[in-house]
Amino acid sequence: MTGLILLAAFLMGVAVFWALTGSKIRISARSVRLSDEKFDTRKGPGKSSQDLIITLAGGVGLGGIAYAITGTWYFAVLGLSSGAFVLKWWKNKQEEDRKELLSSQFVDVLGQLESAMYGGMNPYQALEDAVPNMPRPARDVFYEVIRRTRTGDTLAQAIESVRKETGWDDLKALSIAIGLYNRVGCDLGEICRHSMEAYEDKESFRSIVSAAVSQNMMTLKVLTGLPFIFIGFARVKTPGFADPLFHTFEGASIFFLATVWIIFGNILTRKMIKNSLGQGV
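Terminal number for the sequence shown in our numbering: 272, no gaps in between.
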């Protein structure tokens, strides 16, 4: 039993450390895995061989943390059964990282198209000329755009349909610009240049806001973990003080509801911050 308590305490410490600093630790250079570079037209998220491993590891981790804090088997079982939530969080994080990477490559895409347009090409020729020089995964997205134009879609229609499937909302400006070019014959190279300047200004401002917000996010993580660390410490040092919280129906209900509200508050705060950053604040 002592060994289980020590193991659970160790898992809790690792989880708290990872929650506070995990997003800042990079073992390898920032890149996109080969499976993420391939453009996928499926409507729903696909299952990978890692899903079961992530679910099991997440369940074991949450179960260990729950046991370290409460010392009760029923909260530990509840944590073990929550591996699916860890898998969902992991997939959402991967999707956010993919969108962030695509967004960071949009300036490069506009620059490639601008250079090709000033070379005297039409939009389709400019896109075919620019795609091989684009970074991935933006290159794979525009290869899909070219493929759809060869099956009957106009360039603006292909970009818009791919935008909806990938969630790369920056492409909306490009599809509108090409639509204007087709209707009134505007200077697409000039539009790309002005769009690139506006986007660089927006990203510069977002980076400043994001740096300021990151400090508050760290404070949020610390304040989230402190109550559970305090409860776990109190249970180890003064079991009589913490026992009513976990071994009575009323105490367990209060602890469960408080945990749910803390998690809900974190989710709501993060969504508010992300929406504000997405709108340029």
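No residue lacks a Cβ here, since even glycine has one placed at the ideal position from N, Cα and C.
Quiz item: Apart from the five residues on each side of it in sequence, which residues of its chain come closer than 6 Å, Cβ to Cβ, to Trp159?
Solution: Leu93
Quiz item: Which class does Arg141 belong to by DSSP, given the choice of helix, strand or coil?
Solution: Coil at Arg141, not helix or strand.
Quiz item: What residue from Gln41, Arg89 and Tyr58 has the CA that sits closest to Ala75's CA?
Solution: Taking only the C-alpha atoms, the option nearest Ala75 is Gln41.
Quiz item: Helix or strand or just coil, what does DSSP make of Asp178?
Solution: coil
Quiz item: Beta carbon of Ala57, beta carbon of Gly49: below 8 Å?
Solution: Pairing Ala57 with Gly49 gives a Cβ-Cβ distance that is not under 8 Å.
Exercise. Please determine, among Ser244, Pro235, Asn207 and Ser186, the residue with the shortest C-alpha to C-alpha distance to Lys265.
Key: Checking every option, the nearest Cα to that of Lys265 belongs to Asn207.
Quiz prompt | Secondary structure, alpha helix (DSSP H): runs of 4+ residues fully inside the region 211 to 250 | solution = For the region 211 to 250, whole alpha helix (DSSP H) runs of length 4 or above, ordered along the chain, are 230 to 238.
Quiz item: Quick one: is Tyr172 buried, meaning 16 or more other Cβ sit within 10 Å of its Cβ, or exposed?
Solution: buried
Quiz item: In or out: Gly111 buried (at least 16 other Cβ within 10 Å) or exposed?
Solution: exposed
Exercise. Look at Ile44 and Val77 and say whether their C-beta atoms are less than 8 Å apart.
Key: no
Quiz item: Is the CB of Lys265 under 8 Å away from at least one CB in chain B?
Solution: In summary, chain B is missing from the structure at hand, where a single protein chain is found.
Quiz item: Quick one: what's got a C-beta closer than 6 Å to Gln96's C-beta in the same chain, skipping five residues either side?
Solution: Answer for Gln96: Pro126 and Ala129, listed in chain order.
Self-check item: Bounding residues of the alpha helix (DSSP H) (the contiguous stretch that carries Thr157)
Solution: Leu146 to Thr157
Quiz item: Just reading off the alpha helix (DSSP H) that Arg89 is part of, what are its end residues?
Solution: Gly74 to Ser95 is the span of the alpha helix (DSSP H), which, as asked, contains Arg89.
Exercise. Express the C-alpha separation of Trp81 and Ala233 in angstroms, rounding to a whole number.
Key: 33 Å
Quiz item: Where does Arg184 fall in DSSP's three states?
Solution: Arg184: helix per DSSP, three-state reduction.
Quiz item: Can you tell me the Cα-Cα spacing of Glu105 and Thr157, whole angstroms?
Solution: 23 Å
Quiz prompt | Element boundaries [alpha helix (DSSP H), containing Pro114] | solution = Pro114 to Ala121
Quiz item: Does the beta-carbon of Val213 have 16 or more other beta-carbons within 10 angstroms, so that it is buried, or is it exposed?
Solution: The residue is exposed, with fewer than 16 neighbouring Cβ atoms inside 10 Å.
Practice problem: Give the straight-line distance between the Cα atoms of Ala59 and Arg138, rounded to the nearest whole angstrom. | Solution: Using only the alpha carbons, I get a separation of about 54 Å.
Self-check item: For Leu259, three-class secondary structure by DSSP
Solution: helix
Exercise. Within its chain, find whatever has a CB closer than 6 Å to the CB of Arg261; leave out the 5 residues flanking it on each side and keep chain order.
Key: none
Practice problem: Spatial neighbours of Ile254 within its chain, please: CB distance less than 6 Å, with the 5 preceding and 5 following residues excluded, ordered by chain position. | Solution: none
Quiz prompt | Buried or exposed (CB count within 10 angstroms, at least 16 for buried), Pro114 | solution = buried
Exercise. Measuring alpha carbon to alpha carbon, tell me which of Phe237, Ser72 and Ala164 ends up nearest Leu53.
Key: When each option's Cα is compared against that of Leu53, the closest is Ser72.
Quiz item: Helix, strand or coil: how does DSSP classify Met125 here?
Solution: coil
Quiz item: Sorted by chain position, which residues of the same chain lie with C-beta nearer than 7 Å to Ala243's C-beta, five sequence neighbours on each side aside?
Solution: Phe237
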